[in-house]
Every structure is written in structure tokens, then in C-alpha cells.
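Q: Following our numbering, the numbering of the sequence shown begins with 106 at its first residue and continues without gaps.
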Amino acid sequence: MTRSKTLLFWALAFCSLWLFLQYNHRYLFYYEEQLQLFLFSRRYAADTICQVGGISLYLSRFLTQFFLLPYVGAGVVSLLLCGIGVAIQCILRRMVCGVRHAYLLYILPSLILLGLHLDFNYTLQGSLAYLFMVVALCGYVCINSLYRRLFAGWALLLLLYGLAGAVAFLFAAMTVLWEGLHRQRWWYLAVLLLAGAWGLAYLSLRFSYVGEYRLALLPDAYYDPLLPAGKLYVSWAVLPTCFLAAWFLRKRKALSARTGWIAYGCQLCLATYFTYYIGTHYRHDKVTENNIKQDYYVRTEDWDRVIATFSAGEYNLQTINLLNMALARKGILGDTMFSYAQEGHACLLPEWDSTLPNAIALSDVYYTIGDIALSQKLAFEGYVASINGGCVRLLQRLAETNIIFGAYSVAEKYICILEKTLFYKDQANALRPYLYNDQTVKQDRLFSNKRRGLGGNGCPYAVSFDQMETLRQLTLNNPADQTAITYLAACYLVDKDLSHFRELLETYYGTEVWPTLSTSQQEAVIALEEDNPHYWLTHGVSLKVENRYDLFSYDLESKRHLYNFQELMASAYRNTYWYYFLFKR
């Protein structure tokens, strides 16, 4: 009966974890997959495996590449967490009958690790290393002789440090705790294992295998090294806590069948509650989660869903950047941009905040605009900033931008790397025909369009420290692509810089560079000359926009005395440039 309950418990645990991850965090796995790079090459394998903890690192990157496939990411993490729980169960049951029904103790460390997996800065290597550690500990406690056990402990410590890295220190600490609880003769010799772990860390630092002691001894090794990893310490602290709880329960009498089932049901309820609690408190904030989902739709070029995922109360600058990019890709940026929150030209032309996720987003934005030089710069710096061997999405962007520049030998190097991946070699093969073949590039609609905007062949290059000047030159080099002129005009509008907008309008409106005006641009024309209808007529203002301005100006005067004046104007005219110009700071 106990065996049946155990099988049922772990089957329910796996299914519950999988369902929770798949239906609440499926976009997170797609996001994590692109933040690392796994190559099928001997050199890559040798370079990775020769690091401290290299085997677990290599296996984690191998498994993470499959997160690109639907359902796989949730399945891999759920299986890993259940494996950790089963190994802990085997260890705690060595403390005899009192803990045969303590399922909550078995799964509690896995639930803490579940919370860590909701953070994309935590790597799969951390949980894989944890699994190696509890399996090694399980083997250690199964040896009855103290001397054989200590000898095996030294062998396992050395093996574990090479396979999994810093988690070997936790293994050494757990062996000391185990021996201290059981108190066999000469048990304190286990303390030498802790000294051995310190010695391994010292040698790793001395010979430059790791850069800091915290990366050789602490869970920081499995997190972004530039960020504080305080919450990872809970996952290490919970294991000795479970040991102590099991030790306290060791002398309790075995439960009757009825009481056992009651305890079983109560623990299932508690495990469910802990899963809900951890899923609520350990997850990213709503803005970050929306950005992760938005990033997936950008990657798949599903622009309608990029726009649909925008939530008025849950956004940051990156959200607006990608939203505006999606509007531009749909050709409706100038018509609908003021239907969404706009806060200065940083919403259109942002600056990099030195993080990898932001580099991915901004490289896409500037690639869409046509600023290939800046897109390439962001892709390169983001790729260099990656802590997981590279970033496959930025690798693709580097190959594409170098083809556009005509730097075929550089592009070929990036393509060669992509060809060593499992899921991106087809994209790499599709880029090969463009190498050293200008005619093929000219025949491709996207690449030829980007290359025309870039300049050359008698046209000035669209490269400048002044982003406005870059946009202007992109427009002049390739008038057929209206993206740059739309962004340029939009920047002037969101900055309320109507003098430069007037100069742009009177220079280029009615030419091939700027043949027609969008809705927000027409509204800005009226804002320029609100008492000059003839100016409106000669500068492309439609009758529809003119009629709406009449309503706006009437309401502006007639409702000004009302206490909720701004709210009334917002409800009717929030999506107009006039409202933005008058009421937004």
C-alpha cells in the first residue's frame, strides 16, 4: 500500500508541476531557450566540460535548447524536480519508519527550486547540480560502515565538484549533519569533507577556474553573477531543515492505515498550497511577464498579438518600444500611436540599459527602423554580455546585419556557428546563398531595402551620433520605406518639438519622401496653425480630422469649468495628438 501511495504521489506531483508550468509560464521557457547557446562540436564540448561543474553545465544547455518545442520545457523541469524529490525520499527513509509518510518533506526542496525556475536569471544547471548532489548523498547514506562511508564521501566530493561545481560544498555540509545526527564513533572526521570542499574552492580560484569564492562554494554559481542571488540560499537551507525535521520524527510510531491516508491527503493539500504560494511570490512582476510574452510574439512576428498583449497599467519602456515597433511593422504607427502611453522620444528611440534582454529588444527595434549599424552594435554587445555561451537570436541578427553591410566573411563566421545548432541550422543554410553574392542580396526584398537605406554608391551613409540625423538620412536614401520618416516625425511629436516638425513638414511633405500624412501628423499640422485652415488644406489635413478638431476645440472651451474636465477630455480625445500636447507632461 505504501508503494502505491508513493507512486500515486509522484505521479500527481509531476502532472501538477507540468500543468502549473505549462499553463502559467510557457512563454518563459521559449524566452530562456534564446538566452543560451548549445553547439554540436568537439571544441564547444571540451571548452564547456573542462570548467568547474562542466558536465552539469553542458547537460543543462543541451536540455535547454529543447525548450523551443511546446510542452518540453515544463516537462523537463517537472521531471527534474520530481527526481530531486525521489532522491530526498530515499535519503530520509533511512531515518526509518517515522518519516515513511512525510511526503511534504520529500517535495519541499523541489517546491523551493520551482520558485527559482520562474526567474530566467536562474539556470537549469542549478537544479541539475542539485539532483547530482542528492543522488550522491543518497549513495553516501546507504553505506553502513563509517570508514567506508567517509572514503566514499571524499570520492563523491571530488566527483561532484567536477560534475556540478559549488553544490559540492552543500554535499559536504550535509554529510557532516548526517554524521552529527547519528553520532557513530569518530563521526567528527566528516568535518574534513568541509575542509576538502574549501580546499577545492581555493585551488579553483588559485588556478583561475572560477573568479570568486562565492562562485566556487555558494549557489551564486547558478545565477547571473552580476545580480544578487539571495533567494537561492533558501533552496540550500531547506535541505538540512528537512533532515532535522525527519530526525525529530524518527521515533514516532508508524501510522495506522486510516491515519496514514489522512496524513497523505493533508500533505497533498499543503503541497498544493505551497505550489500556489511559491508561484505567486517567486514569479516575475506582471510587467516582466508581459514583456516575456510580448518577446515571443515579436520573435514569431505576430504583430497583432504584440499589440494585443499591451496592458495600460502594466508596462515599462521596453513594452512601449516593442509596441511602437509592432505598430510600425503594421504601418499604423502614425495613425494609432497616441492610443497608447507615449512618454517622450525614448519610447521610440531608446537607449540600452546594458542588459541582455534589452539588447535583444532594441536590436529588433533599430533593425525595423533601418538603423543597421546600431542594430548590429546592440546585437554584438548583447551577445558578449551573455552568460550562457551566447544568444542564438542575436547570433542570427549579427549574421543578417553583416550580410546587409556586405561583410560576408564576418557573416560566414556567424553562420558557421548557427550551423552547429540543432534548431537553427536551417536558418543558417538559408542565409548561405547571400554570401559573396550582391545580386542575390539585391533580389531579396528585405535585405535590399535595408541596404538601400544604409547608403553607399554615392549616397551618404545613414550612420551618425545624432539619431534624428540618422533617421533623416535613412529616409533620403530609401524614400520607398516610410518607417524612418514615420519615426522621425513621431519623435518630434512626442517631444512636442513643433518647430522641427514644421521644418520637416515644409521640406519634405508632398515629395516622394513624405507623400501623405498619417492621422497624428495631420493633428500636429492643426496644432501648428490652429487658426489657419488654408494651411491645413495645403498640408494634407483631411475633412475627418478637421471635423474632429472642431469638436475638440468646442469641448475644450465649453467644459473647461467642470471639476472633472481633464477626465472628460480624456474619455473622448485621449487618442489624439491634441490631448497629448495639452495634457501630457
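The beta carbon of each residue, even a glycine, is placed where N, CA and C say it ideally should be. No experiment lies behind these values; they were computed from the predicted model shown.
For the region 639-667, which segments carrying the beta strand (DSSP E) assignment without a break, of at least 3 residues, lie completely within its bounds, in sequence order?
A: Taking only runs of at least 3 residues, no beta strand (DSSP E) segment lies wholly in the region 639-667.
Q: In this structure, how does DSSP classify W619 when only helix, strand and coil are distinguished?
A: Position 514 of the sequence shown, counted from the start, is the residue given in the question as residue 619. In this structure, W619 counts as strand in the three-state DSSP scheme.
Q: If you count every other CB in all the chains shown that lies within 10 Å of the CB of P462, and 16 or more means buried, which is it?
A: As a working mapping, residue 462 is identified with position 357 in the sequence shown. So P462 counts as buried.
Q: Assess, as a yes-or-no matter, whether the region 516-535 is touched by the region 168-182 under the definition of 3 or more beta carbon pairs within less than 8 Å.
A: At 8 Å Cβ cutoff, the stretches touch.
Q: Three-state secondary structure (DSSP) at Y314?
A: The sequence position of residue 314 within the sequence shown is 209, counting from 1. Here Y314 sits in coil by DSSP.
Q: Compute the Euclidean distance between the alpha carbons of M279 and L216, then round it to the nearest angstrom.
A: For the purposes of this step, residue 279 is taken as residue 174 along the sequence shown, with counting starting at 1. For the purposes of this step, residue 216 is taken as residue 111 along the sequence shown, with counting starting at 1. The straight-line gap from Cα to Cα measures roughly 19 Å.
Q: In chain order, what residues of the same chain have a beta carbon less than 6 Å from the beta carbon of G267, not counting five sequence neighbours either side?
A: Locating residue 267 in the sequence shown gives position 162, where the first residue counts as 1. There are no such residues.
Q: With a threshold of 16 other CB atoms inside 10 Å of the CB of Y381, please say whether the residue is buried or exposed.
A: Taking the sequence shown and counting its residues from 1, one reaches residue 381 at position 276. The residue in question, Y381, is exposed, as its Cβ has fewer than 16 Cβ neighbours within 10 Å.
Q: Based on Cα-Cα distance, which residue from D400, A446, S514 and L432 lies nearest to S416?
A: As a working note, residue 416 is residue 311 in the sequence shown. The shortest Cα separation from S416 among D400, A446, S514 and L432 belongs to A446.
Q: P214 and I196 - do their beta-carbons sit closer together than 8 Å?
A: Residue mapping note: residue 196 aligns to position 91 of the sequence shown, counting from 1. Residue mapping note: residue 214 aligns to position 109 of the sequence shown, counting from 1. Not a contact, by the Cβ cut-off of 8 Å.
Q: Which complete alpha helix (DSSP H) runs does the region 279-309 hold, if anything under 4 residues is left out?
A: You should have found no qualifying run.
Q: Starting from the C-beta of L251, find all residues in its chain whose C-beta is less than 6 Å away, skip the five residues before and the five after it, and write them out in chain order.
A: Within the sequence shown, numbered from 1, the residue matching residue 251 stands at position 146. Within the same chain, L251 has close Cβ partners Q289.
Q: Quick one, are the C-beta atoms of L275 and S165 less than 8 Å apart?
A: The residue you call residue 275 lines up with position 170 of the sequence shown. The residue you call residue 165 lines up with position 60 of the sequence shown. It is not a contact, given that the beta carbons lie outside the stated cut-off.
Q: For V240 and R198, what's the separation of their Cα atoms in angstroms?
A: Working through the sequence shown from its first residue, we reach residue 240 at position 135. Working through the sequence shown from its first residue, we reach residue 198 at position 93. Cα to Cα, V240 sits roughly 14 Å from R198.
Q: Under the assumption that F225 contacts E137 (Cβ atoms under 8 Å), give the Cβ distance between them as a whole number of angstroms.
A: Reading the sequence shown from its first residue, position 120 is the one you call residue 225. Reading the sequence shown from its first residue, position 32 is the one you call residue 137. The Cβ separation is near 5 Å, so the contact holds.
Q: Do A271 and P324 have their CB atoms nearer than 8 Å?
A: Locating residue 271 in the sequence shown gives position 166, counting from the first residue. Locating residue 324 in the sequence shown gives position 219, counting from the first residue. Yes, the Cβ-Cβ distance between A271 and P324 is below 8 Å.
Q: Return the residue from the list C347, R319 and L308 that minimises the CA-CA distance to G335.
A: As a first step, residue 335 must be located in the sequence shown, where it is residue number 230. Cα-wise, what sits closest to G335 is R319.
Q: Would the region 110-128 and the region 454-472 be scored as touching if the rule is three or more Cβ pairs under 8 Å?
A: The region 110-128 vs the region 454-472: no contact.
Q: Output the distance between the C-alpha atoms of L282 and Y293, rounded to the nearest integer angstrom.
A: Here residue 282 is taken as the residue at index 177 of the sequence shown, counted from 1. Here residue 293 is taken as the residue at index 188 of the sequence shown, counted from 1. Cα-Cα distance, rounded: 10 Å.
Q: Three-state secondary structure (DSSP) at Y227?
A: Mapped onto the sequence shown, residue 227 falls at position 122. Three-state DSSP puts Y227 in a strand.
Q: What are the start and end residues of each continuous alpha helix (DSSP H) run of 4 or more residues lying completely inside the region 448-474, in chain order?
A: Complete alpha helix (DSSP H) runs here, min 4: 461-474.
Q: Determine the closest residue to L337 out of Y614, Y227, N680 and K391, with distance taken between C-alpha atoms.
A: Here residue 337 corresponds to residue number 232 of the sequence shown, with the count starting at 1. That would be Y227, whose Cα lies nearest to the Cα of L337.
Q: What number of angstroms, rounded off, separates the C-alpha of F686 from the C-alpha of N426?
A: On the sequence shown, residue 686 is found 581 positions in, with the first residue counted as 1. On the sequence shown, residue 426 is found 321 positions in, with the first residue counted as 1. F686 and N426: Cα-Cα distance of roughly 20 Å.
Q: Under 6 Å Cβ to Cβ from W259, same chain only, skipping five residues before and after it: list those, please.
A: Here residue 259 is taken as the residue at index 154 of the sequence shown, counted from 1. No residues qualify anywhere along the chain.
Q: From I522 to P538, what distance separates their C-alpha atoms?
A: Translated into the one-based positions of the sequence shown, residue 522 becomes position 417. Translated into the one-based positions of the sequence shown, residue 538 becomes position 433. Answer to the nearest angstrom: the Cα atoms are 16 Å apart.
Q: Per the contact definition of three or more C-beta pairs closer than 8 Å, is the region 646-654 in contact with the region 599-613?
A: No contact exists between the region 599-613 and the region 646-654.
Q: At what residues does the alpha helix (DSSP H) containing H389 begin and finish?
A: If you number the sequence shown from 1, residue 389 lands on position 284. Unbroken run through H389: none, as it is neither H nor E.
Q: Y328 bridges to which residues according to DSSP?
A: Counting from one through the sequence shown, the residue named residue 328 turns up at place 223. Paired residue(s): Y227.
Q: Where does M106 land, buried or exposed, given buried means 16+ other C-beta within 10 angstroms?
A: Locating residue 106 in the sequence shown gives position 1, counting from the first residue. The predicted position of M106 is uncertain, since its pLDDT is 48 and thus under 50; no value can be drawn from it.
Q: In three-state terms, what does DSSP make of Y513?
A: Looking up residue 513 in the sequence shown gives position 408. Helix, per DSSP.
Q: Of the choices S183, S625 and F134, whose alpha-carbon is the least far from that of T679?
A: Along the sequence shown, read from residue 1 onward, the residue named residue 679 stands at position 574. Here the sequence assigns Arg to residue 679, which means Thr is not the residue at that position. That would be S625, whose Cα lies nearest to the Cα of R679.
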